[in-house]
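Converting from the sequence shown to my numbering requires adding 5 to each position, the first position being numbered 1.
Written below as structure tokens is the structure these notes are about.
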Amino acid sequence: MNQKLRWTPWVILRESLFYALLIGVAVIMALPFYWMVVTSLKPDADIFSDPIRWIPQRVTFEHYVKAFTLVPFSRYFWNSTVMALLGVLANLILGSLAGYAFARMRFPGREGLFKMKLASLLIPGVVTLIPSFIILKSFPLAGGNNLLGQGGQGLLNSYWAIVLPGAAGAFAVFFMRQFFRTLPDDLMDAARVDSASEFRIFWSIYLPLCGPALATLGIFTFQAGWNVFLWALIVFNDPKMSTVQMGLQSFSFNHQTDYGPLMAASVVVSLPVLIVFLFAQRYFTQSISFTGAKG
6 MNQKLRWTPW
16 VILRESLFYA
26 LLIGVAVIMA
36 LPFYWMVVTS
46 LKPDADIFSD
56 PIRWIPQRVT
66 FEHYVKAFTL
76 VPFSRYFWNS
86 TVMALLGVLA
96 NLILGSLAGY
106 AFARMRFPGR
116 EGLFKMKLAS
126 LLIPGVVTLI
136 PSFIILKSFP
146 LAGGNNLLGQ
156 GGQGLLNSYW
166 AIVLPGAAGA
176 FAVFFMRQFF
186 RTLPDDLMDA
196 ARVDSASEFR
206 IFWSIYLPLC
216 GPALATLGIF
226 TFQAGWNVFL
236 WALIVFNDPK
246 MSTVQMGLQS
256 FSFNHQTDYG
266 PLMAASVVVS
276 LPVLIVFLFA
286 QRYFTQSISF
296 TGAKG
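Printed below as a string of structure tokens:
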């Protein structure tokens, strides 16, 4: 009876319209990426052909060769990879430690400190650009600075200029704190009865249960670190420290844009984020399901 009710003409029409809408949205979302890939494989003469050719008549990889020969794009790729991975590592370690402390430990001012950390999410990033720049430039005993932070460049033109400002981001602390709160208290109570230290409880009991949350946070952090542009443009004035997002600018000069190599470089830049998500999507789904199940 339920099956007959489910597959009435109205239900079939409703389901068909729903999936048609989803397919349409998916096509619209994927169209820019498809156009980017197709353009990177077209010869220069076919990129601005009229009418538009959605399928290239001749496939060429010359734009990919140019992308890595016209500019030191491999160096930019290495810089972004190192900074993104260091940012992921810092956020996973510090974010999980702070999240555990706010979720499981009792200490004076805990709620106030957490609210202050959470309130920092409301501050636009552009507001903190100048103070963060001054702090990094005046960092003591770094980049030629003396003990008072004078005389040198501090942490500018180094990987730490990107990694340290977001090493323990407010989102990472909030996200891990919320996940730790969903885990049962019995594990902690049993470990304390066995005289386990607080760090041992965190490292050996709770952290192994946070695989889905860590994977999800890693995806978000890697994407943010990989796509950093404005902050990198401010703290780096050495061309050797440029990131892939800054490197994409190299294909626009004298009010002209070399679209072939630009599209090829854009495809290469998009791949790491896609690969990371494909490998971690199972844990990402588990994190959403687990959090939803715990309320």
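Positions of the beta carbon are idealized from the N, C-alpha and C atoms, including for glycine.
Judged by pairs of C-beta atoms under 8 Å, the segment 249-261 does not touch the segment 52-60, as fewer than three such pairs exist. Secondary structure within the segment 23-90: the alpha helix (DSSP H) runs of 4 or more consecutive residues, fully enclosed, are 49-52 and 67-74 (chain order).
Taking a cut-off of 8 Å for Cβ pairs, the segment 235-242 and the segment 64-79 do not touch, as fewer than three such pairs fall below it. Annotated as proximal: Ala175 and Leu126, with beta-carbon spacing under 9 Å.
Val273 has its alpha-carbon roughly 10 Å from the corresponding atom of Phe78. DSSP places Gln261 in the strand class (E or B) of the three-state scheme. The C-beta separation of Ser85 from Trp231 comes to about 6 Å, placing the pair in contact by the 8 Å criterion. Pairing Phe184 with Gly92 gives a Cβ-Cβ distance that is not under 9 Å. In the displayed model, Phe112 falls within coil according to three-state DSSP, outside both helix and strand. Taking C-beta separations shorter than 6 Å and ignoring five residues to either side along the sequence, Thr133 has no partners in its chain. Cβ-Cβ separation between Tyr69 and Ser45: approximately 7 Å, consistent with a contact (criterion under 8 Å). With fewer than three CB-CB distances shorter than 8 Å, the segment 182-196 does not count as touching the segment 148-165. Note that the C-beta distance between Asn162 and Met251 is not below 9 Å. Pro217 and Ser54 have their C-alpha atoms some 47 Å from each other.
Between Leu123 and Ala177, the C-beta spacing is not below 9 Å. In the DSSP assignment, Ile139 falls within the alpha helix (DSSP H) that extends over Leu134 to Lys142.
When the alpha-carbon of Phe144 is set against those of Leu169, Arg80 and Ile52, the nearest one is in Leu169. Around the beta-carbon of Tyr81, 16 or more other beta-carbon atoms lie within 10 Å, marking it buried. Rounded to whole angstroms, Pro113 and Pro37 show a C-alpha spacing of 51 Å.
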